[in-house]
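Residue numbers for the sequence shown follow our numbering, beginning at 10 and rising by one. All residues carry an ideal CB built from backbone N, CA and C; glycine is no exception. These notes are about the structure you will find just below.
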Amino acid sequence: MRCFIDNWDGKIIDIQEKTTEMAFSMTLRQIIQDPSDPIYRNFQQEFLNISAGTLTLPINFPGTSYYKGLRGRKIIIRILKQIVAERRASSTVQDNILAELLGNGRTKFHLNEEQIFDQVFTLLHSGYETVSTTSMMTLKYLHDHPKILEELREEHLALRERKRPEEPIDWNDFNSMRFTRAVILEASRLASIVNGVLRKTVKDVELNGFIIPKGWRIYVSTTNINYDPLHYPEPFKFNPWRWLADKSLESHNFCFLFGGGPRQCPGKEFGMFLVSSFLHYFVTRYSFAAFLYCLIDISGILYASTYILFFLAVLFGQSESFAKASILFADGSKSKK
Ligand code: HEM
């Protein structure tokens with residue numbers, strides 16, 4: 010982690026780019042091995058192409074994102090095949106997720122190569138963008154709220170005093186960062202890093218007198234739940250203390266920051282650890298200011314327009330109905346009120 014935020018003194022840093030690099034590399038390290046190996050030189054760029062390709066029109070023509078995504082997948086599969094062949098030929102026992110997927114001599118699940126690659130894709134895809142965006146947005150809110158930044162920094166400086174100068178932080182240190190956790194949860198709530206979760210009904214479900222038939226797909230819009238004043242008083246205020254005042258807030262059935270039920274995010278604590286350690290090394294080394302610049306991107310404008318519509322609705326007092334619509338699926342008991 011420390012190597013990602015070295016030598017930033019006096020420089021203008023694109024935080025989004027750096028946190029993406031950090032999250033990708035740290036996740037890759039857990040899944041496969043040391044990403045500094047030359048075999049991974051093209052890995053990140055090709056993986057970003059795959060991610061972009063999944064969110065585009067399926068036009069398979071040279072130059073399109075879809076085309077680049079499919080090509081990226083082929084390249085990554087080739088690299089993974091090479092890694093798997095090397096692992097199978099070697100007697101060294103490795104301690105990472107790929108080793109577990111390959112068996113590591115003890116698993117009872119036998120996955121074929123295609124299933125293993127799918128797992129690697131899923132973990133990387135779910136892990137890096139969420140962690141990078143959460144890190145970036147937390148920093149943005151800290152920048153906008155200097156007093157909160159000061160309190161967070163105090164927590165980390167106190168932690169540093171208990172450690173030797175270059176000693177890395179560990180799991181116990183992470184568990185002691187109570188205020189930092191609250192800040193990250195509040196940033197995730199306000200920025201709605203993941204704006205919804207998908208479910209499929211496996212039987213007819215009755216909700217507030219309505220029947221959702223078996224087989225329907227339901228999109229639970231968590232963004233709107235996150236802004237619901239019934240659950241979060243003064244929902245548009247950045248207030249990390251709400252997570253400390255009510256310790257059970259994180260496990261309430263309306264808190265969907267990491268999803269809910271049996272499909273809840275399995276990478277939650279790993280993701281929180283990455284964001285917390287990024288903040289730790291960042292705030293104990295640097296003070297910072299925002300440098301604004303404008304990037305015009307037509308796809309961004311189209312995407313942003315959906316949010317502009319939402320904010321217009323807020324301006325004209327429609328936010329409550331947005332919130333109510335979201336409760337309908339998330340928490341039936343509340344919507345009866
Ligand atoms: C701050 C970071 C993260 C956030 C905000 C986040 C959020 C989420 C959310 C909202 C879901 C949907 C859960 C549901 O449908 O109920 C999810 C699923 C998932 N996440 Fe995360 N996640 C984060 C980090 C990670 C990391 C680091 C990994 C792995 C390296 C990961 C792996 C997954 C996987 C595999 C799923 C699918 C689970 C399933 O469908 O059974 N996530 N995540």
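Secondary structure of residue i, DSSP reduced to three states
| i | result |
| --- | --- |
| Ile88 | helix |
| Glu243 | coil |
| Phe325 | With a pLDDT of 32 at Phe325, under the threshold of 50, the modelled position of this residue cannot be trusted; read the value that follows with caution. Three-state result, Phe325: coil. |
| Gly224 | coil |
| Gly136 | helix |
| Leu288 | helix |
| Val102 | coil |
| Leu120 | coil |
| Leu111 | coil |
| Leu216 | strand |
| Leu266 | strand |
Rounded C-alpha distance that separates residue i from residue j
| i | j | result |
| --- | --- | --- |
| Ser197 | Ala98 | 43 Å |
| Arg294 | Leu120 | 44 Å |
| Phe297 | Ile88 | 39 Å |
| Leu207 | Val229 | 6 Å |
| Leu64 | Thr73 | 12 Å |
| Gln54 | Ala200 | 26 Å |
| Glu26 | Gly136 | 15 Å |
| Pro242 | Trp250 | 12 Å |
| Ala299 | Thr29 | 18 Å |
| Pro67 | Tyr76 | 8 Å |
| His152 | Phe247 | 12 Å |
| Asn184 | Asn69 | 47 Å |
| Thr143 | Cys274 | 14 Å |
| Pro238 | Pro244 | 5 Å |
| Leu57 | Thr139 | 14 Å |
| His8 | Gly19 | The shown model of the chain, from 10 to 346, leaves out residue 8, and the question about it has no answer. |
| Thr101 | Gln91 | 16 Å |
| Arg80 | Phe126 | 16 Å |
Anticipated Cβ contact below 8 Å, residue i with residue j, distance rounded
| i | j | result |
| --- | --- | --- |
| Arg82 | Ile59 | 5 Å |
| Leu168 | Asp182 | 6 Å |
| Ile85 | Phe52 | 7 Å |
| Ile350 | Met145 | There is no way to answer for residue 350, as the model of the chain reaches only from 10 to 346. |
| Met35 | Leu283 | 6 Å |
| Val192 | Thr147 | 6 Å |
| Ile22 | Ile106 | That pair is no contact at about 30 Å. |
| Gln124 | Gln42 | About 20 Å; that fails the 8 Å criterion. |
| Ile227 | Thr210 | 7 Å |
| Asp141 | Met31 | Note that residue 141 corresponds to Ser in the displayed sequence, not to Asp. Sure, about 7 Å apart at Cβ, within 8 Å. |
| Met10 | Tyr290 | 6 Å |
Contact test: residue i Cβ vs the ligand FAD heavy atom, cutoff 6 Å
| i | result |
| --- | --- |
| Arg272 | With respect to small molecules bound, the structure shown includes the ligand HEM and not the ligand FAD. |
- Query: Using 8 Å as the threshold, is the region 148 to 164 in touch with the region 211 to 219, meaning 3 or more CB pairs across them?
  - Reply: no
- Task: Only counting runs of 3 or more residues, tell me where the beta strand (DSSP E) segments fall wholly within the region 164 to 213, in order along the chain.
- Result: 206 to 209
- Task: Determine, using beta-carbon pairs with one atom in the region 125 to 135 and one in the region 257 to 268, whether at least three such pairs fall under 8 Å.
- Result: no
- Starting from the N-terminal side, write out each stretch of the alpha helix (DSSP H) that is 4 residues or longer and does not extend beyond the region 12 to 55. 24 to 40
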